[in-house]
Structure formats: structure tokens, C-alpha cells
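Residue numbers (the numbering used here): 299 to 514. Ideal placement from N, C-alpha and C gives every residue a C-beta, glycine not left out.
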Amino acid sequence: MATTTVTPPRASLLWGGLFLFVMAWGLLFSIIQPLNRPPDEGAHAQYIRFLAEQRRLPRWEPWGGGEAGYEAQHPPLYYALGAAVYGATKGLPEPWRWHALRWFTLLLGSLLFWVARGFFLDYFRGQWLPAWIATAGFMLTPLTLLYLCYINVDGMSLLWCSVILWLSVRRARGMAASWEQGLLPLALGLGLLTKLTVLGTLPTVVLAHLGEPGVG
């Protein structure tokens, strides 16, 4: 199709423009949303604050979640990284420390953009325009933007799920390089250290292995 054969420099410009547009929207939303207004943001911040101040995992209790609140039900990877950010901003007023955590989550969103780009380019077999449209649709979905601009674990969870899906497609199509073979279980492990719902991607991993050329 003629629309998919524009020069690579123009394609690169449009990819860069889309990235900046998505990040600008995420930054805007992270600033204009009142602190502690998005769903469960206060509880996520409570878990992060506990790890930063106590430097240990909290004791969990079924009612109320125990020492670090009910979001302490989740594995600690996102919250431990957030605790490092929270600790590094110790000298700032509390609202700015919350914004720093929001921007840390937005940084994860920047990684998600490039993972989505890679996935859709592979899915559409190098046709940049369908991949660009699909990436724009995914990243500009209101729920995706929401996850990337406030303190919450779902942004990182979405990142790992996307990495797992991308690597699974590459493996099933025989596109994965030899050095990529260990990345799929690594991404699955890091995902499970972020949120247990990442376990839902396990069937995709199994199907990717079964569909890999030369297997079976």
C-alpha cells in the first residue's frame, strides 16, 4: 500500500511526535489531577511510604491490610522502586514527593510506548503505518493514560504484560534471537514480583513455546 511506504525519516519523525504527544498528555494529567483523587492512590502511596521509612516488608493482615494498608496485598517490586524515589526526595514538601512518584510511573509509561511500538511493528511485519495507528490507539486509550499518570501498580503490571506478549509473538513466529530466549521467563518473573494478575499471561507463554518453529 502506498500509505505504508513513506520514507523512513518521515516515519521516524511521526514515531517521535507520537511519543512526545503521549508523554505530554501523561505529564499534563499527572499535574492537573488532584493528589489522592485517583482510585486508591493514597493506599499505594501508603505502601511506598512504609517501605521507605521502615525498610522492610510489612506484616499483612486480612482486615485492612495491616501495617502498610490494603495495597500491601501486592508483591513489592513497584513499591520498592517507588520507595527509592520517595526516599530520594526526602527534602521536598510532601505534595512534590507524590508528584515525583507520579512521574516515576510516567517514566514506566515511556518504556511501555516503545514496547508497544516493537510489538505492533512485529505483529504487522514491519508495516510502520498500521503499527503507528495501533500504538497510538493503545497508548491514548483513557485507561492506559490513567495508569501512567498517578501512583499505582497497574502501569508497571501493564508494562510487563506487554513485554511478555511481545516476546511471545516473536518466539511463536521464529523471530526471537538466541539471546532473547531467557527474556520471556525473566519478564514473567518480574511481572509476578509486580502483580500476581500477570500470571494470566502464562497461557500466552505456553502457546508461544508450542507454536515456535521446530517445537512439537
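If you draw a straight line from the alpha carbon of residue i to that of residue j, how long is it in whole angstroms?
i: Ser-310; j: Trp-430; result: 10 angstroms
i: Ala-322; j: Phe-402; result: 14 angstroms
i: Ile-346; j: Leu-405; result: 17 angstroms
i: His-372; j: Leu-463; result: 22 angstroms
i: Thr-302; j: Phe-422; result: Per-residue confidence for Thr-302 stands at a pLDDT of 41, beneath the threshold of 50, marking its modelled position as unreliable; the derived number appears in the next sentence. In a straight line, the C-alpha of Thr-302 is about 11 angstroms away from that of Phe-422.
i: Leu-326; j: Leu-444; result: 11 angstroms
i: Ala-381; j: Leu-427; result: 39 angstroms
i: Gly-314; j: Asp-420; result: 18 angstroms
i: Val-304; j: Gly-489; result: Residue confidence for Val-304 is low, a pLDDT of 46 falling below 50, so the modelled location carries little weight and cannot support an answer.
i: Glu-257; j: Arg-471; result: For residue 257 there is no data in the structure shown, the boundaries of the chain being 299 and 514.
i: Ala-300; j: Gly-487; result: Note that Ala-300 scores a pLDDT of 35, beneath 50, so its modelled location is shaky and nothing firm can be said.
i: Cys-459; j: Pro-391; result: 34 angstroms
i: Leu-243; j: Gly-407; result: The structure shown does not extend to residue 243, since the chain is modelled only from 299 to 514, so the question has no answer here.
i: Arg-353; j: Leu-333; result: 24 angstroms
For residue i and residue j, which I take to be in contact (beta-carbon distance under 8 angstroms), what is that distance rounded to the nearest angstrom?
i: Arg-357; j: Glu-369; result: Their Cβ separation, rounded to whole angstroms, is 14 angstroms, which puts Arg-357 and Glu-369 out of contact at 8 angstroms.
i: Leu-355; j: Pro-374; result: 6 angstroms
i: Trp-396; j: Ile-449; result: 7 angstroms
Can you give me the Cβ contacts of residue i inside the same chain, cut-off strictly under 6 angstroms, excluding the 5 residues immediately before and after it?
i: Ala-474; result: Arg-468
Residues in its own chain within less than 7 angstroms of residue i by CB, not counting five upstream and five downstream?
i: Leu-484; result: none
i: Tyr-376; result: Val-451, Met-454, Thr-492
i: Gly-514; result: Because the pLDDT of Gly-514 is 49, which lies under 50, any placement of that residue in the model is unreliable, and the number read from its coordinates should be weighed accordingly. Cβ neighbours of Gly-514 beyond the five flanking positions: Leu-508.
i: Val-503; result: Ile-462, Ser-466, Leu-482, Leu-486
Between the beta-carbon of residue i and the beta-carbon of residue j, is there less than 7 angstroms?
i: Gly-340; j: Cys-447; result: no
i: Leu-500; j: Leu-457; result: no
i: Ser-466; j: Ala-432; result: no
i: Gln-344; j: Gly-367; result: yes
Could you pull out every residue in the same chain whose Cβ sits closer than 8 angstroms to the Cβ of residue i, ignoring the five residues on either side in sequence?
i: Val-496; result: Ser-455, Trp-458, Cys-459, Ile-462, Leu-486, Gly-489, Leu-490
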